[in-house]
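Let me begin by presenting the structure, written as structure tokens, before commenting on it.
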Amino acid sequence: MYGCQDVDVDFPLWHMGISGYELAILSYVSPVLLVIPSLKSAATRNPRLFHFLSLSGLLAYKVQDPANRLFMTTFAVACSCIAWSATLYAERANSSRLESRIFAWGIGLIMSSIAKFACKTNNPIWPIMHAENGGWNKVGLFLGVLAVLRSHRRPPTNGGDYFPSSGRKGSSLFAAFGIGGLLFAMHSLLSDSSTMIAWVWEGYPVRGPIAVPHGALTILAMGAGLIYGLYYPGVAGSWTAYGIASVGAALLTCSSHWTGFYGGLILAFYLLAVTPVLVSSAVRHSLAKTFGIGFLLYTFLILFHVWVVAYAFVPGGPLVREHTDWIMITTMLSIGAGVFSAAVTNSSGTKSKIVSPNGKRQRSYFIYILATLQLISMAIAYLRFPTNDYVPYHKEDKVATVGIWTVHFGLDNDMWSSERRMRNVIQELELDVIGLLESDNQRIIMGNRDMTQVLAEDLGMYADFGPGPNKHTWGSALLSKFPIVNSTHHLLPSPVGELAPAIHATLDMYGELVDVVVFHSGQEEDPEDRRLQTEYLSKLMGSSPRPLILLSYLVTKPLEGNYNTYVSELSGMKDIDPTDWDRWCEYILYKNIKRTGYARVSRDSITDTEIQVGKFVIGEPEPENEMRLPEEMVPEGRRFPGLFRGQGVRGHRYHVFDEPRYWQ
């Protein structure tokens, strides 16, 4: 295996294509098992049991083997889906208690989003978290047990809010579609406050929302929508509201910057507002049929929104290639079907229903809770507000240390969140600029996370990511201690294989403008894609009048094939070390800037790819005749850290050359 791959055979993300683990997603369809009378009876009469069983997922962090941890989480998800379906169904005849269950469900989504907002998009009680990487698993388990005990107390006998159901019902199939579409929209767009912001982000200068502080606006829209839906279900369930939400969905899908985000806020408000309407309708139908089919549609949409990116690895993938618009249309049509069914099912007295004193008191609690949560989210936004006062590591020497790393979605070989480990090695290498590839986690399967938030805030760096998750790539990101003056996101020609993302940014390095390009080329299986991408990128680099550094994943051997187009008169680029024959994917190229050092650092178990690092000096002319220097002749500020010599630290060490290389 080529040196830049640095692969361990146990690395889990080598299970490309269909591996069998995908069957775990069927845990979402567990409510269909409620067709069994005894199971339905047990779940509706004693939902506490299934809620307790679902807490096993909070203990999954204790399991070290990734596959067994997945199985344990799968069991917990299945129990949770059964528990919530049965809980909502069991309260169908008691409007006040049903309302409280719906509110608890909606507020759970909002609280989860706030927790991720506070923890920089990682939920601290996830199975990929533990104490060493920022997990609060024990606290989560304790609060989970308290929540189950509290929510299943014996109900009061004098609530006075019982309302018998009418005989009219809409289509149970349409009600199921409504639940499935609602679940997917909430999970894919609202489970993290930065997801919709990532959809509309187009680079620097900033022309739209940023994750902090504007994530708080997403949370505000969600909370306001939930309250509105509880107080005005007739309006929330109307076709007018649905039409406005559809416009919002179209704006989010097709527009960028503030226009797209405003559409997203409209959609967020509507999704929480229509939740009481759709759930109140769904529980009036067959439990197994409505929630079973609903979760089946939800599962299909999860697969669909992965297929649009992973089409190269899955059967039938090319049929849905790059069609996020189809996903949004399917989602909104499904919700529309639910609205159609609810219009009939909830028609009896929904608009004129009298709320009991118990219900009025309960609703006042809802408002207090949501107001408190909004204040918390605003406080988080204030505390996390970017300082934008970042300083390079060797400012006095005018050195820029750059790196490239393919990080495979911030999950290490044992499927733990790896952002903190990444942060530590980036800091110890004193990297001023780093390109991260395969970094887009804004999908359900990756937890709707944004690793650049953790790294940028902890390291004191500006962050750019793109093209966004609605552009169907695996992602690229740029972190820089130098101000990003301008950046443009590119989708390179990919007629057959996966889309190739690139970021072309202009940085202010010590008062001089320097271009940096972060790029991931196509797969080895698609040579024509890679040829077209090579020509596109080479022309792009050749057209830049400024000094330029390429941080890239090229899928080519040194001195062969497409390499000779990247390193050519067309691009004007040079290889940072053309004598390094042991490469296949990662390359650092440059032009019109003085290189002084190059090193390769092993990655331990963080990912399957090493870190390649280069040092450049800003403001000095590029010499015509360079010469290699021993380290003792290199000024201290231009040297690589000695921490990684020999055996290094925590599995990170200089390898291939065993020591860095320097030039004068």
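If you read the sequence shown in the numbering used here, its first letter stands for residue 37, the second for the next number, and so on. Quick reminder that beta carbons are idealized off the backbone N, C-alpha and C, glycines included.
Between SER317 and GLY374, how many whole angstroms is the CB-CB distance? I'm expecting something under 8 Å. 7 Å
What is the DSSP secondary structure of ASN522, reduced to helix, strand or coil? strand
Using only CA atoms, which one of GLY673, ARG636, ILE302 lies nearest to ALA436? GLY673
Buried or exposed for PHE421, going by 16 or more other Cβ atoms inside 10 Å? exposed
Measuring only the C-alpha atoms, how far is PRO166 from GLN100? It should be noted that the sequence gives His, not Pro, for residue 166. Cα to Cα, HIS166 sits roughly 11 Å from GLN100.
Among the candidates VAL181, LYS630, LEU59, GLN569, whose CA atom is the shortest distance from the CA of LEU528? GLN569
Beta carbon of LEU307 nearer than 8 Å to that of LEU288: no
The alpha helix (DSSP H) spanning TYR298 covers which residue range? 293 to 318
For PHE376, is the classification buried or exposed, using 16 other Cβ atoms within 10 angstroms of its Cβ as the cut-off for buried? buried
Nearest residue (CA-CA) to ARG459, options THR335, GLY496, ALA257: GLY496
Closest residue to ILE146 among ASP425, ILE405, ILE481 (Cα-Cα distance): ILE405
Check whether ALA211 and ILE371 have beta carbons under 8 Å apart: no
Buried or exposed for MET663, please, with buried defined as at least 16 other CB atoms from any protein chain shown within 10 angstroms of its CB. exposed
On the three-state DSSP scale, how would you describe TYR198? Confidence at TYR198 is low in this model, with a pLDDT of 42, below 50, so its placement is unreliable and no value can be given for it.
Is the beta carbon of LEU587 sitting closer than 8 Å to the one on ILE440? yes
Does DSSP put LYS387 in a helix, a strand or coil? Residue placement at LYS387 is flagged as unreliable, the pLDDT there being 45, under the threshold of 50; the coordinate-derived value follows with that caveat. In the structure shown, LYS387 sits in coil (DSSP, three-state: anything other than H, G, I, E or B).
Where does the unbroken beta strand (DSSP E) through HIS540 begin, and where does it stop? 536 to 545
Are the CB atoms of GLY633 and PRO696 nearer to each other than 8 Å? yes
Quick check: the Cα distance between CYS115 and THR335, rounded to an integer number of angstroms? 16 Å
What is the rounded straight-line gap between the Cα of ARG686 and the Cα of ALA60? 33 Å
Rounded to whole angstroms, what is the Cα-Cα separation between ARG204 and VAL380? 7 Å
Using the rule of at least 16 other Cβ atoms within 10 Å of the residue's Cβ for burial, across every protein chain shown, is ASN484 buried or exposed? buried
For SER149 and SER224, believed in contact at Cβ under 8 Å, the rounded distance: Actually they are not in contact, since the Cβ atoms of SER224 and SER149 sit about 13 Å apart, beyond 8 Å.
Run the CB neighbour count on TRP294, radius 10 Å, all protein chains shown included, and call it buried at 16 or more, exposed below. exposed
Measuring straight from C-alpha to C-alpha, what distance separates GLY261 and VAL469? 41 Å
State buried or exposed for THR254, treating a residue as buried only when at least 16 other CB atoms are found within 10 Å of its CB. buried
Which whole-angstrom value is the C-beta distance of VAL236 and PHE297, which I expect to be below 8 Å? 5 Å
Output the boundary residues of the alpha helix (DSSP H) element that contains GLN410. 393 to 419
Would the beta-carbon of PHE331 fall within 8 Å of that of GLY216? yes
Can you give me the C-alpha to C-alpha distance between GLY533 and GLU358, rounded to a whole angstrom? 11 Å
Distance between ALA119 and PRO67 (C-alpha atoms, nearest Å): 9 Å
Are there 16 or more other CB atoms within 10 angstroms of the CB of MET487, so buried, or fewer, so exposed? buried
Under the rule that 16 or more other beta-carbon atoms within 10 Å means buried, what is TYR347, buried or exposed? buried
Per-residue DSSP class, three states only, for TRP620: coil
Please tell me whether GLY93 and THR80 are closer than 8 Å, where the distance is taken between their beta carbons. no
Is the segment 443 to 458 touching the segment 613 to 624, taking contact as three or more C-beta pairs under 8 Å? no
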